[in-house]
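Using my numbering, read the sequence shown as starting at 5 and increasing by one per residue.
The C-beta atom is built at its ideal place from N, Cα and C for all residues, glycine as well.
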Amino acid sequence: MTRILVVEDEPGIALGLEDDLKMEGYEVEVLGDGAEAARLARQTAFDLILLDVMLPGKDGFEVCRELRRAGLRTPILMLTARTQEAEKVLGFELGADDYVTKPFGTRELRARIKALLRRASAEPAVETYRFGEVEVDFERGELRRNGQALDLTPIEFKLLALFVRARGRVMSRDRLLAGAWGPDTYASDRIVDNHIANLRRKIEPDPANPIYLRNLRGLGYRFDG
Ligand code: CA
Numbered sequence: 005m006t007r008i009l010v011v012e013d014e015p016g017i018a019l020g021l022e023d024d025l026k027m028e029g030y031e032v033e034v035l036g037d038g039a040e041a042a043r044l045a046r047q048t049a050f051d052l053i054l055l056d057v058m059l060p061g062k063d064g065f066e067v068c069r070e071l072r073r074a075g076l077r078t079p080i081l082m083l084t085a086r087t088q089e090a091e092k093v094l095g096f097e098l099g100a101d102d103y104v105t106k107p108f109g110t111r112e113l114r115a116r117i118k119a120l121l122r123r124a125s126a127e128p129a130v131e132t133y134r135f136g137e138v139e140v141d142f143e144r145g146e147l148r149r150n151g152q153a154l155d156l157t158p159i160e161f162k163l164l165a166l167f168v169r170a171r172g173r174v175m176s177r178d179r180l181l182a183g184a185w186g187p188d189t190y191a192s193d194r195i196v197d198n199h200i201a202n203l204r205r206k207i208e209p210d211p212a213n214p215i216y217l218r219n220l221r222g223l224g225y226r227f228d229g
């Protein structure tokens, strides 16, 4: 049974979502308070979280940041009231996977939910991976470039593993911090950038003009290998 946590404080919308998702065969839990939702999401396993932005207790952005900082990888779909670019960017930066703008159609929402669930279940445990001149063996912790073994630090390896698993998707610095350093890290965004610069020197043909590890201004990094 696929379990969805709906965090929405407007009773009309919450009820509509609950009915519609239950009809689709999902098991649904509804909460109207951000702080409660953050607590429940950390205690109980959900397959997806639908998260409204404007909430009592804690707003959706805060909830999202808290969950990602805690290392939770559950897909988060934000429900934003405005189409403002800044809000969208902030959501992605904090680790949301997708968003829909209110008012949304149920068909669009269903499609996005399905896409997110599919993506999450299609993330395999990667053992070896090749891109360009590079071959990574995650099992043995080895990286070769043109057949030549290169040394990666444990953090560089973790970062690379995160990128390979999420290839083609934007990874915010918060997400990289939680994934590679752990949820309670005091490491800063600068440290992420430094390690990525080192990683680029090992995997990019031209580290000054990276083609695999791209920086997306204001959003984070994306691996295109
Ligand atoms: Ca609301």
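C-alpha gap between residue i and residue j, whole angstroms
{"i": "Gly38", "j": "Ala85", "result": "16 Å"}
{"i": "Asp56", "j": "Pro79", "result": "14 Å"}
{"i": "Asp193", "j": "Asp178", "result": "8 Å"}
{"i": "Glu28", "j": "Leu81", "result": "17 Å"}
{"i": "Tyr103", "j": "Gly151", "result": "42 Å"}
{"i": "Glu112", "j": "Ala119", "result": "11 Å"}
{"i": "Glu131", "j": "Arg171", "result": "15 Å"}
{"i": "Ala49", "j": "Arg7", "result": "8 Å"}
{"i": "Phe65", "j": "Ala153", "result": "42 Å"}
{"i": "Arg226", "j": "Asp51", "result": "24 Å"}
{"i": "Pro158", "j": "Leu147", "result": "12 Å"}
Beta-carbon gap between residue i and residue j smaller than 8 Å
{"i": "Ala182", "j": "Arg43", "result": "no"}
{"i": "Ile133", "j": "Val168", "result": "The sequence shown places Tyr at residue 133, not Ile. Result yes, Cβ atoms of Tyr133 and Val168 sit closer than 8 Å."}
{"i": "Leu9", "j": "Glu40", "result": "no"}
{"i": "Glu97", "j": "Leu223", "result": "yes"}
{"i": "Gly95", "j": "Pro187", "result": "no"}
Of the residues the options, the one placed nearest residue i, counting alpha carbons only
{"i": "Pro214", "options": "Thr6, Gly136, Ala165", "result": "Gly136"}
{"i": "Val11", "options": "Asp23, Glu22, Asp24, Gly36", "result": "Gly36"}
{"i": "Pro209", "options": "Asp197, Glu143, Gly186, Arg149", "result": "Arg149"}
{"i": "Leu166", "options": "Leu154, Asp155, Gly64, Trp185", "result": "Trp185"}
{"i": "Arg176", "options": "Cys68, Glu146, Asp24, Glu14", "result": "At residue 176 the sequence reads Ser, which differs from the Arg that was named. Looking at the Cα atoms, Cys68 is the closest of the given residues."}
{"i": "Glu160", "options": "Ser125, Ala201, Gly64, Arg122", "result": "Ala201"}
{"i": "Gly229", "options": "Glu143, Arg173, Asp188", "result": "Arg173"}
{"i": "Ser125", "options": "Leu164, Arg77, Glu143", "result": "Arg77"}
{"i": "Arg122", "options": "Asp141, Asp101, Thr105, Glu139", "result": "Asp101"}
Environment of residue i [buried if 16+ CB atoms lie within 10 Å]
{"i": "Leu220", "result": "exposed"}
{"i": "Arg116", "result": "buried"}
{"i": "Gly99", "result": "buried"}
{"i": "Ala212", "result": "exposed"}
{"i": "Lys62", "result": "buried"}
Problem - Residues with C-beta closer than 6 Å to any heavy atom of ligand 1, in chain order - result: Asp13, Glu14, Asp56, Met58, Leu59
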